[in-house]
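Enquirer: Quick note on the working numbering: the sequence shown kicks off at 4 and runs consecutively.
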Amino acid sequence: MSTVEMPRAGVAVATRTFFAVLWRDIFVTWREIVPFIAQVVIQPFLTLFIFGKVLADLGYVQGDFAQILLPGVVALNGFLGALQSTVMPLVLDFAWTREIEDRLLAPMPIPLVAVEKMVFGAIRGVLSALVMVPVGFLILDDVSWPAASWPLVVGLIVLGSLVGSTIGMVLGTLVSPRRINIMFAVILTPLMFTGSTQFPWRGLENLEWFQVLCALNPLTYVSEGMRAELVPQVPHIPLWLDMVVMLGSIVVFGAIGIKGFMRRALD
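(1) The alpha helix (DSSP H) that contains Gly-81, what's its start and end?
(2) Round the Cβ separation of Ala-258 and Ile-103 to the nearest angstrom and send it over; I've been treating them as touching at under 8 Å.
(3) Among Val-90, Val-134, Gly-228, Gly-128, which one has its Cα closest to the Cα of Ile-261?
(4) Would you mind stating whether Thr-3 and Arg-106 have Cβ atoms separated by less than 8 Å?
(5) Excluding five sequence neighbours on each side, which residues of the same chain lie with their C-beta closer than 6 Å to the C-beta of Pro-221?
(6) Are three or more beta carbon pairs between the region 38 to 46 and the region 167 to 177 nearer than 8 Å?
(7) Where does Pro-193 sit, in a helix, a strand or coil, going by DSSP?
(8) Would you please verify whether the beta carbon of Ala-188 is less than 8 Å from any beta carbon of chain C?
(9) Terminal residues of the continuous alpha helix (DSSP H) containing Glu-211?
(10) Where Gly-228 and Ser-147 are concerned, what is the direct C-alpha to C-alpha distance, given to the nearest angstrom?
(11) Note the first and the last residue of the continuous alpha helix (DSSP H) segment covering Thr-200.
(12) Quick check on Trp-33: does DSSP put it in helix, strand or coil?
(13) For Pro-203, which residues from the same chain have a beta carbon less than 7 Å from its beta carbon, with the 5 sequence-adjacent residues on both sides left out?
(14) Who are the near neighbours of Leu-58 in its chain, counting only those whose CB is closer than 6 Å to its CB and skipping five residues on each side?
(15) By Cβ distance below 7 Å, which residues in the same chain neighbour Val-129 in space, the five residues on each side in sequence not counted?
(16) Measuring only the C-alpha atoms, how far is Leu-143 from Val-14?
(17) Could you say which of Glu-119, Gly-62, Val-157, Ala-69 lies nearest to Leu-141 if we only look at CA atoms?
(18) From the DSSP output, in three-state form, read off Tyr-224 for me.
(19) Which whole-angstrom value describes the C-beta separation of Ser-179 and Gly-124, a residue pair presumed to lie in contact below a C-beta threshold of 8 Å?
(20) Between the alpha carbons of Phe-264 and Trp-26, how many angstroms are there, rounded?
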């Protein structure tokens, strides 16, 4: 075999292995689809019901608040679904049992193992987000999304889920299993409430310190991107800026996460 053919053969083997591992993870998720849906629906369902239905019926929020809330909750579900689907398996894989060893022995480069985990986490994030769309339509009154907006909305959900999975890779390689509970309290809760999921970012102009804090959260740009497409009449961050920040976040956090994965894998 020539020197040119050998690298090509190695790339082909690594590619087949990558998709085989990814398909295995997807198959396992499909076998557990009912618990998965229950896990990703209950909390956002209650958020939509309380904030979008109960408070609206009681007159504590404006009638069009549901139009603002649903895109944010869908963005949040995709982002957090991807983040948790990446970080939790990583924490278990790098625990004392070192279950990650099986994947590291697969015939593909170690960075591809990390990429597969991020891609799989993003797929679960996309499913988490899409599941909430019909749920939101059933719960909330007078909410509809134009058919022409769906291709871009799905693209934004994919980007937002990739942002979540890359951040999950960073957290999963930085946080030890003993501190996982602290991570949820110290990191995930602030991410949820500073991501502009329940309010438009530009509406915080009279609360500048909190507006700046929200601007540091990549989730804000996922939420604002969804609103820019679905409720353009509400003041929002320009869509092009949302997409630039999301793509930049994927590149930056993905690179940091892969580097952290390599460090933990080779320890």
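Just so you know, even glycine gets a beta-carbon here, dropped at the ideal spot from N, CA and C.
Nothing here was measured: the structure is a model prediction, and the numbers come from that model.
Expert: With the given structure in hand:
(1) 68 to 96
(2) With 8 Å as the limit, Ala-258 and Ile-103 do not qualify as a contact, their Cβ atoms being about 20 Å apart.
(3) Val-90
(4) With the chain covering only 4 through 270, there is no way to say anything about residue 3.
(5) Val-166, Ser-252
(6) no
(7) helix
(8) Chain labels in this structure do not include chain C; a single protein chain is all it has.
(9) Note, Glu-211: alpha helix (DSSP H), 211 to 218.
(10) 17 Å
(11) Run containing Thr-200: none; DSSP gives neither H nor E here.
(12) helix
(13) Ile-71, Arg-230, Val-237, Pro-238, His-239
(14) Val-64
(15) Within the same chain, Cβ atoms closer than 7 Å to the Cβ of Val-129 are found at Gly-81, Ile-160, Val-161, Ser-164, the five residues on either side in sequence being excluded.
(16) 49 Å
(17) Here the closest residue by C-alpha is Ala-69.
(18) helix
(19) Contact flag wrong, Cβ pair sits at about 20 Å.
(20) About 21 Å.
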